[in-house]
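Notes for the one structure printed next.
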Amino acid sequence: LIYTVNTSAANFVTLFVEMTSCKCTFIVDTGAEISIIKEGKLNATQIFNPNIVFKVTGITDGVTTTIGEANSNITFSNGLTVNHSFQLVGNEFPILTDGILGRDFFVKYKCTLDYESWLLNFNFNNCMVSVPIEDKLNNSILIPARCEVVRKLPNFSVTTDSVVLSEEIIPGVFCGNTIVSSNTPFVKIINTTNKQVAITNFKPKIDSLNEYNCIKSRSSRNKSHEKIRVEKIFSETHMEQVPQYAKQPLRNLIKEFSDIFCLPGEKLDTNNFYSQHIPLKDTAPVYIPNYKCIHSQQQEIQDQVNKLLEEDIIEPSVSSYNSPILLVPKKSDDASKKWRLVVDFRQLNKKVLADKFPLPRIDTILDQLGRAKYFSTLDLMAGFHQIPLDQESRKYTAFSTPNGHFHFKRLPFGLNVSPNSFQRMMNIAMAGLTPECAFIYIDDIVVTGCSTDHHLDNLRRIFERLRHYNLKLNASKCKFFRTEVAYLGHNITDRGILPDNSKFDALKNFPTPTNAEEARRFVAFCNYYRKFVPNFAHIAKPLNDLQRKGSVFQWTSAHEQSFQTLKQYLMSPQILRYPDFSKKFILTTDASDIACGAVLSQMYEEGDFPIAFASKSFTPGERNKPIIEKELTAIHWAVNYFKPYLYGNRFLVRTDHRPLVYLFNMKNPTSKLTRMRVDLEEFDFDIEFVAGKANVCADALSRIVIPTTSEQLKALSVLMVNTRAMTKKKANMNESTDQGEASSEADHLTAWQTENPSQTTKLLKLGCEVHHNQLRMIIFNHNYKKILGTTNITLMRANGSQTLEFALLEIGKILGQYGRNLIALSMEDNLFKYFSLHTLKEIANTAISNYQIILFKPPKVITKQEDIRNILQQYHTTSVGGHVGQHRLYLKIREYFKWKNMKTDITNYIRSCEQCKLNKVFRHTKEAEVVTTTPSKPFEVVSADTAGPFTRTNHGNRYILTIQCNLSKYIVLIPIPSKEANTIAKALVENFILKYGQFCELRTDQGTEYNNQILEQICKILEIKQTFSTAYHPQTIGALERNHRCLNEYLRCFVNAHQTDWDDWVKYYEFCFNTTPHTEHGFTPYELIFGHKASLPQNLIRHSSPEPIYDIDQYYNELRFKIQNSNQIANNNLILSKTARQQNSNVTTNPIKLEIGDTVYLTNENRKKLDPFYIGPFAVTEINEPNCTVVNIKTNKPSIVHKNRLIK
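Per this note's numbering, the sequence shown starts with residue 607, numbered consecutively.
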């Protein structure tokens, strides 16, 4: 095998390799298949295997063979050791580092390379390892052989825009002319040699950019043209109608995607993924001579043909096909007349095979326009012309003019396949976009949004698709961020979809009353919704007067005004509600001699609110049917008419025809009515009788006469449906009572066999015995311990079947006395020695009507402990058992087996299951909090912790060492490049101890950057007590952990876009925190340390001249008193705060009771998704509340842990 390595990689890590007894620098090379180390780095005593060698390419033009393989441990800064194999190469191997860390290492330990914080991370044995990645080697820049690179030079910066001058750095390595700024000090370097070189301490020569003349490039001129073009797009799209708060982000979005808009005069391209073929029924050419052309129009025809030729939409043709052309006038706002060139493809269309690709249903689109607040409508520029025709189909579209014969290169208008083809193309382009984003109907796109950001995000998604598929928009027809737009013949608003006038045909066609009865019917219809009509009684008074006894019916202008006013209120959008699919629908129907009507409504707290009205005139044949068939026809039509709302939901049908209620409960209806009833079987509904007087709404609609010959009747739709988006998550409307009713209607069996014996646990039981030709049936209580009734039937009275029938009838009488209608019968009962199961079911289902017999197979009784253990093992431990919990396992087993103390055995078995303890989440332990000791003076006790890793800064820092005084809460923040022991120790001594003096106690976590020999020696020399928190219990230094959160919040507000300057802001946060009163003691930390408040930059304008100090002793005494007094107050306040926090926290404790010797399991803190939740087992060896010492039973390694991390 030949393996590849990359010697030009420029990322490095430093690792301690045991076989070299020192730290080695490795190239981080994810492209290298093996790891390499130079043989000169090995100890003299190191053994390697010379028989394992590989051939390596990628170094020179040839192939290099390795020397052998050596295996070694690698130790990291946190003390973790891993093992890895390296291939040995000679010292002359052309790399400047000690070796290469290849992909074999990264795959073996599942490493991740984080180039935000520049760390190599991996998890091993529940321990996280982070190794800093460097891009400089000993502060040198590596330049690969024969390469040109752009690098940031160390210790090089400029304050103004400058020019780096070209020069030769070392023989064969050059610096190129480069323009640099203070933000981008990157320099171009070229290595013309055959070796990798290191550049050290290079200071380039620079000139000020102001000394050079800047020539505007072609791209700059293009930018100027593009700016003018974008402004035209803004003008065309009427940006002035966009809300002010959305205008700027929308302008930015349109500017970013300006290429998807086509302006007048620009050439229109075609899409890049879809072309159209025109299929014909036969190959006989269609040739239709041209229509006679008016002489004055010939020039217009020629001009438009020339324009189509320039836009590459048509081309000259030799086709034998021809369709005539004509000019039709365009709609125009001005006085000038404009024309459109049209090709008459009617004869060609007769031969074109129809494209069956479906167009979207408009009502479906409108029903899903939902809770949108903003709408944008997009229109494609000459949509059909954006689809190219394939070469074979172009000849079919030929037409001729006096100046030539032409055919279309793109899909023309007028072909019958054009709309469906365009819809297919748009569906492909927009595939995957949900209705919450946009809807497409041919070339009309409506983009929705619930908020400004949501709408902008949806627009971006559409724009990205249009750009990807090279589709162009007509800017002048695009409307953005509207709360009301016209779409598909409807008015879409943020309040809902307002219908056009045709939606009100049923109400509009309500005939003017010609007698008192018709007037009464109309007023009753309106009265049903009178709560929505202000001053209803006043408006309806003229109509009510016509119904009085003795009054003469005479229709006047006052009656007409009352009639029309009430109709207008009924058609008001405020009356109708949006459909709520979490509520039950109510469908109310009625039929008259001439028509039927229906109202779809839903019940709210305020009453029954309508959603839609509908009515239908009967055909002459339907008018001759009996009234029951008319009423059933009304239900059948209404259910199917409102199917989009009712299908899949349980709903209620109301009718004022009582025989229909009986019809839907009949077992054997007549064949004449069966067809319509069976057709409704797929729907889930209840039917309810309402008195005719109460059914005024549907009754009135059923009296409306609509001519059956009108075109409007053929396209009759719901009168008015204001829709919101159909909620995807439909609530389950089948309540338990409804389920019981539905099941009783759907299944009339009175004896049936259950698969779940547990259903019969609390039911009365039926038993049987035969003595001296007597069949004795006994009714027991649920556990067979008490007899509630018996019946005796002589077997000699008749055959066996009759005897059983009489017995079951007698049992029904006894159950009636107890008010019961269910009884359970074991399938192992003595009854089945004399009667078969089939016989029992047949007799029971025929003879019984007032109760049900549930047949069950009783679980097997188990007595042997060995059998019990086997059952528990099979039902719990195996893969099909699945380690289910106690209750679920009990429910599973009880269907088949039972034994004494069954629940207790199941509980004990699961509690002792090793796999369950390791892999299941238990209720977390929560020990009572304790009040820690509070220091009496500043810097007596300090806490330290490390925040990060952050993004690597320009100064190479990745972490922050945070140090806080436990009394004053004064903090010191120190940016550091790594968290190695020597880095932490140096930062602590130089930046804290040498500034603020020695402290008594240092509290940290157990991280290896603090728990190491270096810091231990420093603390020993300075007589500092070192205290460690328990692992994974940050509450021990909780104040510092909380401070990290505030630090992160602060840095987010000020860092640059690349987050590479956070270390410049750290000291500002430190000052801000220290000069702000702390919530626990009320003082500023600065004041408790220095005895006075800090002078803030904000207060300088109010700052008075300092008073001179005449008596140093007086000043000293006063300062000393102020510091002592404030420190004492702070101490007291801290103790009070800790006590209050302890009392609040201890309200919800869940302590664990432990004794020495107990076996426990420890929370797995660094687990992956499928790792166990707990590790162990461990043995408790010492308890020191709230901590305890545990020993790993397998490795005997002791650990001090907080009890909150343990389970038993």
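Backbone N, C-alpha and C define an ideal beta-carbon position, used for all residues, glycine too.
Close-in-space but distant-in-sequence residues of the same chain around residue i (CB under 6 Å, 5 per side omitted)
i	result
serine 1316	Reliability of the predicted coordinates at serine 1316 is poor, the pLDDT of 32 falling under 50, and no value is obtained from them.
asparagine 1274	Note that asparagine 1274 scores a pLDDT of 45, beneath 50, so its modelled location is shaky and nothing firm can be said.
isoleucine 642	Gln693, Val695, Gly705 and Ile706
threonine 718	Asn727
threonine 620	Lys629 and Thr631
glutamate 1090	Thr1099
glutamate 624	Ser678 and Asn679
serine 1027	Gln882 and Asp961
tryptophan 724	Ile739 and Arg1558
threonine 798	Gly778
Where the alpha helix (DSSP H) through residue i begins and ends
i	result
glutamine 1029	1024 to 1035
phenylalanine 1069	1058 to 1074
tyrosine 1508	The sequence shown places methionine at residue 1508, not tyrosine. Run containing methionine 1508: 1508 to 1517, per the alpha helix (DSSP H) assignment.
arginine 1260	No alpha helix (DSSP H) holds arginine 1260; the beta strand (DSSP E) holding it covers 1256 to 1261.
proline 855	850 to 862
asparagine 912	904 to 916
For residue i, the nearest candidate out of the options (CA to CA)
i	options	result
asparagine 655	Asn677, Pro1804 and Ile643	Asn677
glycine 1038	Arg1071, Phe1696, Ile1217 and Asp1049	Arg1071
serine 1432	Ile1449, His1444, Lys1463 and Phe1441	Lys1463
phenylalanine 951	Asp909, Pro891, Ala978 and His1377	Pro891
isoleucine 1799	His1808, Val1766, Ile1789 and Glu1791	Val1766
leucine 1573	Pro1555, Val1547 and Phe1045	Val1547
aspartate 710	Leu702, His690, Glu722 and Ile701	His690
glutamate 1294	Glu1375, Asn1255, Ile1192 and His1388	Ile1192
isoleucine 1569	Val756, Gln1359, Asn1649 and Leu914	Asn1649
leucine 1495	Asn1507, Lys1506 and Ile1512	Ile1512
cysteine 1794	Ile805, Lys1085, Ser1635 and Tyr851	Ser1635
tyrosine 1656	Tyr1502, Leu1646, Pro1804 and Trp1668	Trp1668
alanine 1815	Pro964, Arg1564 and Thr1559	Because the chain here runs from 607 to 1814, residue 1815 falls outside it and cannot be looked at.
glutamate 1596	Ala1663, Leu1579, Ala804 and Asp1611	Leu1579
asparagine 745	Leu1594, Asn761 and Met734	Asn761
Sequence-distant residues of its chain with Cβ nearer than 7 Å to residue i (five each side left out)
i	result
isoleucine 919	His991, Phe1014, Lys1015 and Arg1016
aspartate 720	Asn727
serine 1407	Thr1445 and Ile1449
aspartate 888	Lys957
phenylalanine 863	Phe1069 and Arg1073
leucine 1065	Leu859, Ser982 and Val1053
lysine 1001	Ser923, Ser925, Tyr927 and His1013
Span of the beta strand (DSSP E), counted from its first residue to its last, around residue i
i	result
histidine 1165	Note, histidine 1165: premise wrong, no beta strand (DSSP E); alpha helix (DSSP H) at 1163 to 1176.
serine 736	733 to 738
valine 669	Taken as a continuous stretch (DSSP letters only), valine 669 belongs to no beta strand (DSSP E), as it is neither H nor E.
isoleucine 1823	Not covered by the structure: residue 1823. The range shown for the chain is 607 to 1814.
valine 769	768 to 770
threonine 1787	1780 to 1790
Cβ distance (whole Å) where residue i is taken to contact residue j below 8 Å
i	j	result
glycine 1055	alanine 978	6 Å
asparagine 1588	isoleucine 1620	6 Å
asparagine 732	isoleucine 1781	7 Å
lysine 1190	glutamine 1208	7 Å
lysine 1575	cysteine 1606	The pair is not a contact, with the Cβ atoms about 17 Å apart (cut-off 8 Å).
phenylalanine 1356	serine 1455	Per the sequence presented here, residue 1356 reads as threonine, with phenylalanine not at that position. Sure, about 7 Å apart at Cβ, within 8 Å.
valine 948	leucine 932	6 Å
leucine 1258	phenylalanine 1291	7 Å
asparagine 1525	phenylalanine 1779	6 Å
Cutoff 7 Å: residue i Cβ touching any chain B Cβ
i	result
threonine 1445	In the structure shown, chain B cannot be found, because there is only a single protein chain.
Close-in-space but distant-in-sequence residues of the same chain around residue i (CB under 8 Å, 5 per side omitted)
i	result
glutamate 1434	Lys1463 and Pro1464
Where in the stretch 1572 to 1626 do unbroken runs of the beta strand (DSSP E), each at least 3 residues long, occur, reported from the N-terminal end onward? Runs of the beta strand (DSSP E) inside the stretch 1572 to 1626: 1577 to 1582 and 1607 to 1610.
Which full runs of the alpha helix (DSSP H) of 4+ residues lie inside the stretch 1673 to 1707, going along the chain? Segments of the alpha helix (DSSP H) lying fully in the stretch 1673 to 1707: 1691 to 1696.
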